[in-house]
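10 protein chains.
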Amino acid sequence: MSTPASKNLETFPNPRTGRDYTIRIRIPEFTCLCPKTGQPDFAELLLEYVPDQVCVELKSLKLYIWNYRSEGHFHEAVTNRIMDDLVGLLQPKFARLTAEFKVRGGIYTTVVSEHRQPGWENPTPVSLP
Amino acid sequence: MSTPASKNLETFPNPRTGRDYTIRIRIPEFTCLCPKTGQPDFAELLLEYVPDQVCVELKSLKLYIWNYRSEGHFHEAVTNRIMDDLVGLLQPKFARLTAEFKVRGGIYTTVVSEHRQPGWENPTPVSLP
Amino acid sequence: MSTPASKNLETFPNPRTGRDYTIRIRIPEFTCLCPKTGQPDFAELLLEYVPDQVCVELKSLKLYIWNYRSEGHFHEAVTNRIMDDLVGLLQPKFARLTAEFKVRGGIYTTVVSEHRQPGWENPTPVSLP
Amino acid sequence: MSTPASKNLETFPNPRTGRDYTIRIRIPEFTCLCPKTGQPDFAELLLEYVPDQVCVELKSLKLYIWNYRSEGHFHEAVTNRIMDDLVGLLQPKFARLTAEFKVRGGIYTTVVSEHRQPGWENPTPVSLP
Amino acid sequence: MSTPASKNLETFPNPRTGRDYTIRIRIPEFTCLCPKTGQPDFAELLLEYVPDQVCVELKSLKLYIWNYRSEGHFHEAVTNRIMDDLVGLLQPKFARLTAEFKVRGGIYTTVVSEHRQPGWENPTPVSLP
Amino acid sequence: MSTPASKNLETFPNPRTGRDYTIRIRIPEFTCLCPKTGQPDFAELLLEYVPDQVCVELKSLKLYIWNYRSEGHFHEAVTNRIMDDLVGLLQPKFARLTAEFKVRGGIYTTVVSEHRQPGWENPTPVSLP
Amino acid sequence: MSTPASKNLETFPNPRTGRDYTIRIRIPEFTCLCPKTGQPDFAELLLEYVPDQVCVELKSLKLYIWNYRSEGHFHEAVTNRIMDDLVGLLQPKFARLTAEFKVRGGIYTTVVSEHRQPGWENPTPVSLP
Amino acid sequence: MSTPASKNLETFPNPRTGRDYTIRIRIPEFTCLCPKTGQPDFAELLLEYVPDQVCVELKSLKLYIWNYRSEGHFHEAVTNRIMDDLVGLLQPKFARLTAEFKVRGGIYTTVVSEHRQPGWENPTPVSLP
Amino acid sequence: MSTPASKNLETFPNPRTGRDYTIRIRIPEFTCLCPKTGQPDFAELLLEYVPDQVCVELKSLKLYIWNYRSEGHFHEAVTNRIMDDLVGLLQPKFARLTAEFKVRGGIYTTVVSEHRQPGWENPTPVSLP
Amino acid sequence: MSTPASKNLETFPNPRTGRDYTIRIRIPEFTCLCPKTGQPDFAELLLEYVPDQVCVELKSLKLYIWNYRSEGHFHEAVTNRIMDDLVGLLQPKFARLTAEFKVRGGIYTTVVSEHRQPGWENPTPVSLP
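Protein chains in written order, with the numbering used here: chain A, 22 to 150; chain B, 22 to 150; chain C, 22 to 150; chain D, 22 to 150; chain E, 22 to 150; chain F, 22 to 150; chain G, 22 to 150; chain H, 22 to 150; chain I, 22 to 150; chain J, 22 to 150.
Shown next as structure tokens:
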């Protein structure tokens, strides 16, 4: 099963490169197919990243996500694959992808995948009271 | 009381072995019996783990859970027993099982059990603002 | 005011002594009396502990809690007293008792008390994404 | 504008001095006046502290809070002032006061102030799973 | 597109300079325009900061925010720009700005930007149970 | 089992007799005993009534409710009994008492009892959009 | 498949026969089996009734419900069957049974069944503002 | 105790007199004093009305409400009094005032008062599915 | 665009024909395409009906719903079309279909369609307090 | 102040004219200006209608709503004006517009306006249990 979708992902230059900041993108309408049964699967995706030189363009991300609609993928594999596509494109300082799949067989599955740029240090978080 | 259930648990190869990631499985429909009174007990289970070489197959997990339906188990013991079965099967880098039992006698009990692979280090978590 | 209640607390052997795990017990129906005015006070208790050799038996805990129904106690004192009774009985690796009292005079009071076994180290918590 | 209110605050001896524990007091009915316009302001206060030798008596705290009803105070100043009054009285090991003001001009303001006794160390918190 | 808005931001002296404390300001009614399409965008802003010598005056902040109503800005850029304006004005010990944009194309975007005064140390946070 | 409590209920003259209006009183802290087992029962009461000549005085109602604390009553009976006491005292145009008992044996029970003054007509309710 | 369970249902005399009132019983822990696949089904039941001469005894109701645990039943049929058993036993003025089944195949099913005693009139409900 | 407040209430002409429509005004910041004890009381008011010739001006309503801040009033009386002031001023086709008082003595009280213009008929409400 | 899907819908005989009762089916995972743009649309469907001679079989309903996945339909049209298919198949005494579409262009649309068997009378609903 | 906005509203033919059904459109992003102060106002609109010959086209509705962004309008007047525009365009069997304005001066205002086609009868609603 080939997915030319990732070539469609576009970027734009990070408008504030001198500062580490967070971009959080929630996508409640992800759907693909079960590779075993062909039945539809649904999930809510949450992408969080600290951009380096580029940010992902939202409209192209929406189109990229739509491409999974008619493809068969296992939960654990598809989450890591989207992660790999985004990391390859954005080369972010840090990225985390959470895929919260809808119930199947009375069971709710969530997969969370992270990537960290080698050498990047998470600044000590400031915890305000 | 013998439980041949654990033999039914099946695995599949971890599709992304080079990366530590989380699989979170919520099972709201666990039920067993009270070993003293024979009365039904109900719980919601939450399994979270970082896979190593294999992942648990969801359908076999569902069947494994169903096997407890007609068995008698104490809260603290059954939570640790399921944990031991899963750890023996998956040899995960890390696993946590939370069993939230429904009210009995006006009291709500939750049991949480964890396992860590010897030598595995939890990567410093990245806390994005 | 004497409270023979604590003698009624019973234990059973920890079924999984080789592993540090958490038992969390929520008791929404605690009531005692105000020692000044004799008026009823209500609270929700939350007991969390890491057992060592024994666990508290739930039915005896329920009866123990009922014994406070006709006794007069101040908020701060009764929370610490129940804590002392449980610690004396269970000798747990760690215990925390949270007593969330219902509103009096437009003010909501919560008291939280902890106990740690000398020498016991809280294992570095694993924070999964 | 003079506030003799703080003299009314009363204490009682900490009933469990050998243990660091938390007292949390929520006060949803705080009101004062805007010093510029004379218009009423409303806030919900949350006081959290670790007592040392004394605890604050709740009824006197209620009366102390009522005294602000006809006084003019800025958000940032009044939060710190109540904090200073409580710290002067209780000499607590630690205290935190959160004042969550109701919306004004479409904007919601919260002020959080903390005090720590010199030399007091926050015990490493135990984070149970 | 020029924005003279930032000159309107006003300050007042921090009323309690000897203590690090938090001011949290939630602004649910931010709106600007999409620079590509001219369509309105909406967001909820959350500003959190530890003041140094001055605090931001709320009424001027409200007016400053209103000035964005007829301007075109991208999500990532406008969040960092407001941050830069506030940091330039307040020179705070620490500041964090969270902009939670409303859904566009089925996608929800949030941008979080932080600033820390060189040399300022976040005091070890006290985590009360 | 005798209950002299109802004599303590006090009334005051209805301050606006020319108009049918509703008084709604929520009492989250009702407790009595199970007449079979002696175990405590807990409920939240909701009294709603349209007063005729008198209203119930709130402090006396609070004391009346406290009197049930050490008495044994079945759910269905005690709800109707409190209703009868209030109706006898207030002779209201209409009254409804809802008693929402806390879970017992995994079962939640609510009892709702109504009384209508003979000849009183419920004015056609105005349902605003 | 025979169900002797209904013989276990017990009643007690209605303690307040002169008044139409409501008894509402929520049972979150119903489980039976799918007659086709043998897989467990779960539901939350809500029984609401206006008693005539007798009320259902709660402990016997709990035991009656447990009897379905190892029986196979379709959603629509089992709801009406429980209804028929209760109506046969209680001969209530009115009864309604709502069975809210847990998700199967991404679909949530609820079945609601009612019974009205011939000749019984629902008193015009009083709708208080 | 005299209240000249009602004279301050102002009106403006109903901008759409040919149509019955609803105006709903929620006022979460009402406070007055208990006439017995002098202690502050707090309530959330909800005014709903169908205007006839005039509407109430919001700023004057805010000022009118502030005037109760230093006055003593019983719950049932003050709700009806505000109602009478508004009815006298607005002569609305219909009005309803709900006053939800904050907890006192563990008891929550709400008072609801309605007024209907003689001869005005509530149009049959359209209940859309 | 042809949809052979409706032929796949299957029925089973109503197991309790002598009684009017409600079957409520919630389907959170409906998706089709926008006929103008080809972009995916998502909706949550709620089907409620009173069966006559037959009920809809759930598995066939699930498959029927899946068939819309690759078809283009407008909101208002597709809701009425599914309604027409179900009414043609089930000939129910009453049916209602609610389709709650996910946000598009900042706007949330819901369409509700009903069908009533000629001559069927909705029994006067019993409104229990 | 002239508003040519209403000419932009477009319609399409009702796809199911033989049946009364409901279209519900929620618009959380309405904003206009206060005609007195020029300050922005925000509201969430809810339009519900039963179409006759035409339905409102969603994209044109979105653009129509945007036109209010730079116009000054009072709450009561703007709600009725949008209603009049929609009624003039759609000639619906029934329409209701609810405008829930955001807080101003601590006061939350909602305006609800309805229109009914002369001679149209709301079918008796079916209230399923």
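C-beta atoms are modelled at their ideal positions from N, C-alpha and C, and glycine is treated no differently.
Minimum Cβ-Cβ distance from residue i to chain H less than 8 Å
i	result
Val108(J)	no
Gly93(C)	no
Ala98(J)	yes
Short Cβ contact (8 Å threshold) for residue i with residue j
i	j	result
Asn101(B)	Arg47(C)	no
Thr43(A)	Val133(E)	yes
Leu15(G)	Val77(G)	Limits of chain G in this structure are 22 at one end and 150 at the other, which puts residue 15(G) out of reach.
Tyr85(J)	Asn29(J)	yes
Glu31(B)	Ser81(B)	yes
Leu79(C)	Gly127(B)	no
Exposed unless 16 or more other CB atoms sit within 10 angstroms - verdict on residue i
i	result
Pro113(F)	buried
Gly59(E)	exposed
Pro34(C)	exposed
Thr145(A)	exposed
Pro61(B)	buried
Asp41(B)	buried
Gly140(G)	exposed
Gly109(F)	exposed
Alpha-carbon spacing of residue i relative to residue j, whole angstroms
i	j	result
Thr52(I)	Glu142(F)	51 Å
Pro72(I)	Gly39(I)	11 Å
Ala120(D)	Ile103(D)	10 Å
Lys57(A)	His94(A)	9 Å
Cys55(B)	Arg90(C)	28 Å
Val124(H)	Trp87(H)	21 Å
Val75(A)	His96(A)	28 Å
Val147(B)	Thr131(D)	27 Å
Beta-bridge pairing of residue i - partner residues as DSSP gives them
i	result
Asn133(D)	The identity of residue 133(D) in the sequence shown is Val, whereas the question assumes Asn. DSSP, once it has assigned bridges, lists Thr119(D) and Thr43(E) as partnering Val133(D).
Cys53(E)	Asp62(E)
Gly93(I)	Leu54(I)
Val77(A)	Thr32(A)
Closer than 8 Å to chain A by CB, residue i
i	result
Phe63(I)	yes
Leu30(B)	no
Val133(E)	yes
Residue-level contact to chain I via CB, residue i, 8 Å cutoff
i	result
Thr58(G)	no
Arg117(A)	no
Neighbour flag for residue i against chain G, beta carbons, 8 Å
i	result
Lys80(A)	no
Leu149(I)	yes
heavy atom of the ligand PLP below 7 Å from residue i C-beta
i	result
Pro49(G)	Among the ligands in the structure shown, none appear at all, so the ligand PLP cannot be discussed.
CB contact below 8 Å: residue i versus chain J
i	result
Met22(E)	Because the pLDDT of Met22(E) is 35, which lies under 50, any placement of that residue in the model is unreliable, and the number read from its coordinates should be weighed accordingly. So no, Met22(E) is outside the interface.
Thr38(I)	no
Cys53(H)	no
Arg137(I)	yes
Within-8 Å CB hit, residue i to chain F
i	result
Gly127(H)	yes
Residue i at chain D interface by Cβ criterion, 8 Å
i	result
Val124(J)	yes
Test: residue i CB closer than 8 Å to a CB of chain B
i	result
Pro49(C)	yes
Thr130(G)	no
Tyr70(C)	no
Below-8 Å beta-carbon distance, residue i vs any chain K residue
i	result
Asn101(H)	Annotation note: the requested chain K is absent from the structure, which comprises protein chains A, B, C, D, E, F, G, H, I and J.
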